[in-house]
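Number of protein chains: 2
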Amino acid sequence: MFSPLIEELIGALRCLPGVGPKSAQRMAMYLLEKDRDAAGQLARALEQSIERVGRCSQCRTLTEQEICALCGNTRRDEKSLCVVETPADVLAIEQAGNYHGRYFVLHGHLSPIDGIGPGDLGMDLLERRLSSEPLQELIVATNPTVEGEATAQFIAERARAHGIVVSRIAHGVPIGGELEYIDGGTLAHAFNSRTAFFSGGRES
Amino acid sequence: MFSPLIEELIGALRCLPGVGPKSAQRMAMYLLEKDRDAAGQLARALEQSIERVGRCSQCRTLTEQEICALCGNTRRDEKSLCVVETPADVLAIEQAGNYHGRYFVLHGHLSPIDGIGPGDLGMDLLERRLSSEPLQELIVATNPTVEGEATAQFIAERARAHGIVVSRIAHGVPIGGELEYIDGGTLAHAFNSRTAFFSGGRES
Numbered sequence: 001m002f003s004p005l006i007e008e009l010i011g012a013l014r015c016l017p018g019v020g021p022k023s024a025q026r027m028a029m030y031l032l033e034k035d036r037d038a039a040g041q042l043a044r045a046l047e048q049s050i051e052r053v054g055r056c057s058q059c060r061t062l063t064e065q066e067i068c069a070l071c072g073n074t075r076r077d078e079k080s081l082c083v084v085e086t087p088a089d090v091l092a093i094e095q096a097g098n099y100h101g102r103y104f105v106l107h108g109h110l111s112p113i114d115g116i117g118p119g120d121l122g123m124d125l126l127e128r129r130l131s132s133e134p135l136q137e138l139i140v141a142t143n144p145t146v147e148g149e150a151t152a153q154f155i156a157e158r159a160r161a162h163g164i165v166v167s168r169i170a171h172g173v174p175i176g177g178e179l180e181y182i183d184g185g186t187l188a189h190a191f192n193s194r195t196a197f198f199s200g201g202r203e204s
Numbered sequence: 001m002f003s004p005l006i007e008e009l010i011g012a013l014r015c016l017p018g019v020g021p022k023s024a025q026r027m028a029m030y031l032l033e034k035d036r037d038a039a040g041q042l043a044r045a046l047e048q049s050i051e052r053v054g055r056c057s058q059c060r061t062l063t064e065q066e067i068c069a070l071c072g073n074t075r076r077d078e079k080s081l082c083v084v085e086t087p088a089d090v091l092a093i094e095q096a097g098n099y100h101g102r103y104f105v106l107h108g109h110l111s112p113i114d115g116i117g118p119g120d121l122g123m124d125l126l127e128r129r130l131s132s133e134p135l136q137e138l139i140v141a142t143n144p145t146v147e148g149e150a151t152a153q154f155i156a157e158r159a160r161a162h163g164i165v166v167s168r169i170a171h172g173v174p175i176g177g178e179l180e181y182i183d184g185g186t187l188a189h190a191f192n193s194r195t196a197f198f199s200g201g202r203e204s
């Protein structure tokens, strides 16, 4: 109904996650009618990003530099390494603010059905880091999904072979959550992973 | 927290209507990790659009052609002209499917407080069309807001001066709506604009 070029723009906007036909139309009209500067800026930012953003040579997170700001920060604790699935996970952990070590981004999880094996997750780079760096602990923070757990298991075994302590982040009832609204799987896990209230158990 | 270029991309995506910081981050990660082709396509579509999309010389709707497809369509009824605020309104009316005349897009409404006067709404072009075309009816379909009503009034007076019948689309309870949930203003308008059930009144 709109002219071909506008339809093309609407179609291109629909590729964005969470954007349906109505939102895409609204976005296209907004950009063309109200804010062509923003549209130009977005076009340039997209072009620059797809051209220049690659992966950090140490942790594989997305960055346009050879080494990302976190890997380049000498004040980070180099004795611990946290393995996550995506760059957004790094941000989430950084925002929580109590981890000060380094990261390793898998960009996914093991998924034989999609043809994603250890090579696609940079496992060779991770192994090189495990053998060459003065690591004391590897924290596996993949998602608590079936694939995430399988990936965690796989990584844990590799790290153990290098004599490094491997830990998995805790899963259970979220802080501030109400038991009434927690799903059964999470509750079952929370019971199985309970910690002793007084010393002597897994609680310090 | 992300690298400068990625932060710039996230910032640029936030200019889109309805996109907040979390959605923008999700979009940027999606484009960079999963679909750089789509990102490139979007960048090109944006550039092409801002460069080439202008206004139809007859109806002022957005198009990259000199004259839009609707104005160029000789099968449209040239005796009636419908005035709307935005190109999206044209689409909405076309999708309703029972209007077969031509359009005129104002790109806004009279709003002295924002410095938007008749000149910004292409009123001179509309007047030229009113005096030169074989029009029999001008249908004013601006939004039923204060500014939309003022704009409708303004246009109606201009058209009357040209001896053209001017009508306003009906406002009232939407078809399929339930009275219980309709706001008071709309209900009051629906009562004031009631039509006779049997012939002799405004109903045919």
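Protein chains in written order, with UniProt numbering: chain A, 1 to 204; chain B, 1 to 204. Quick reminder that beta carbons are idealized off the backbone N, C-alpha and C, glycines included.
- Counting along the chain, no beta strand (DSSP E) covers A/Leu-106, and no H or E run does either.
- For A/Glu-51, the secondary structure class from DSSP, reduced to helix, strand or coil, is helix.
- Where B/Leu-130 is concerned, there is no enclosing beta strand (DSSP E), although the alpha helix (DSSP H) around it starts and stops at 123 to 132.
- Within the model, the alpha-carbon separation for B/Gly-108 versus B/Asp-124 is close to 15 Å.
- B/Ile-67 and A/Gly-72 have their alpha carbons spaced roughly 56 Å apart.
- For A/Glu-47, a Cβ of chain B is located within less than 7 Å of the residue's own Cβ.
- DSSP links B/Arg-168 through a beta bridge to B/Val-140.
- Apart from sequence neighbours up to five positions away, the residues of its chain that approach B/His-100 with a beta-carbon distance below 7 Å are Arg-76 and Asp-77, ordered along the chain.
- In the same chain as A/Thr-63, and ignoring 5 residues on each side of it, the C-beta atoms closer than 8 Å to its own belong to Val-53, Gly-54, Arg-55, Cys-56 and Ala-69, in chain order.
- Taking a Cβ-Cβ cut-off of 7 Å, the neighbours of B/Met-1 in chain A comprise Leu-91 and Glu-94, given in sequence order.
- Contacts with chain A at 7 Å (Cβ-Cβ) do not include B/Met-123.
- Neighbours of A/Asp-120 in chain B, taken as residues at a C-beta separation under 8 Å, are lacking, since the least C-beta distance is about 12 Å.
- Counting along the chain, A/Cys-71 sits inside the alpha helix (DSSP H) bounded by residues 69 to 72.
- B/Val-173 is outside the set of residues whose beta carbon lies under 7 Å from a beta carbon in chain A.
- Against B/Gly-18, the close residues of chain A are Ser-23, Arg-26 and Met-27, in the order they occur along the chain (beta-carbon pairs closer than 8 Å).
- Less than 7 Å divides the Cβ of A/Pro-17 from the Cβ of B/Met-27.
- Residue-level contact by beta carbon fails for B/Thr-195 and chain A, as no gap is shorter than 7 Å.
- For B/Thr-86, the neighbours in chain A by C-beta distance under 8 Å run, in chain order, Met-29 and Glu-33.
- Here DSSP, grouped into helix, strand and coil, assigns B/Ser-23 to helix.
- In this structure, the CA atom of A/Leu-135 is about 23 Å from the CA atom of A/Asp-120.
- Its chain contains Ser-193 as the residues whose beta carbon lies nearer than 8 Å to that of A/Ala-170, once the 5 sequence neighbours on both sides are disregarded; these appear in chain order.
- Interface residue (Cβ-Cβ distance to chain B less than 7 Å): A/Ile-50 is classified as such.
- Rounded to the nearest whole angstrom, the CA to CA distance from A/Pro-21 to B/Asp-89 is 15 Å.
- Here B/Ile-182 has Val-173 as same chain residues with Cβ atoms under 6 Å from its own Cβ, once five neighbours each way along the sequence are excluded.
- Ranked by how close their Cα comes to the Cα of A/Leu-5, the residues B/Glu-51, B/Glu-8, B/Gly-40 and B/Glu-33 have B/Glu-51 in first place.
- Here the C-alpha atom of B/Leu-187 lies approximately 8 Å from the C-alpha atom of B/Leu-179.
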